[in-house]
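If you're matching positions, the sequence shown starts at 1439 in the working numbering and goes up one per residue. C-beta: ideal position from N, C-alpha, C; glycine also.
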Amino acid sequence: MGVVRPPISPLPFLTQIPDWRAPTRIQYPWDALWTVILTGLLAGPPNILALTQWLAGHREVLCQHLGLDRLPQQAMIYRFFWSLDQHLPELQRALLDWVKAQHPTAHDRLVILAGDGKVLKLTSFSFRKGRPARLLTSE
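Printed below as a string of structure tokens:
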């Protein structure tokens, strides 16, 4: 059995996505904003409202650990995700780089998934070279 390595944080990869915010409107450092959002997403909220409610419920500890005076409000979180939707190629590149760093020898075994936020069902079909692949389709 191989050596188990500690997981690599996606944060350094995601913060390489160029900051699209107008310089005059920046209230939070780029890495702090990503950290807040990733931390909230790890709690598993089903939507942005639930994410912002979770963040508000943990405001004190998050601000203390991140060195922030306050956390982003719901409107900023919505704008972040709306803008991120406009930068999907950069997000895809960052996430792929993170996966490759986490699993440097697994590039031949990686499975590419795509989803669009709708209800999904899993289907199996034959893929190139007769290898099975998983396809997620919306209903």
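Item to complete: Assign Arg1508 to one of three DSSP states: helix, strand, or coil.
Response: coil
Worksheet item: Using the C-alpha atoms, what's the distance from Gly1482 back to Phe1519?
Response: 16 Å
Worksheet item: Given Ile1464, which residues of its chain have a CB within under 8 Å of its CB, disregarding the five upstream and five downstream residues?
Response: Asp1457
Item to complete: To the nearest angstrom, report how far apart Leu1533 and Ile1475 are at their CA atoms.
Response: 15 Å
Discussion item. Taking the beta carbon of Thr1490 as the centre, do at least 16 other beta carbons fall within 10 Å, making it buried, or is it exposed?
Written reply: buried
Discussion item. Buried or exposed, going by whether 16 or more other CB atoms sit within 10 Å of the CB of Pro1445?
Written reply: exposed
Worksheet item: Thinking just about the alpha-carbon of each residue, which of Pro1484, Gly1478 and Asp1507 is nearest to the one in Gly1495?
Response: Gly1478
Practice prompt. Give me the Cβ distance between Tyr1466 and Ile1486, rounded to the nearest whole Å; I'm assuming they're in contact under 8 Å.
Written response: Not confirmed; about 17 Å, so no contact.
Worksheet entry | Whole-number beta carbon distance between Leu1506 and Ala1460, since they are thought to touch under 8 Å | Not really, about 20 Å apart at Cβ, beyond 8 Å.
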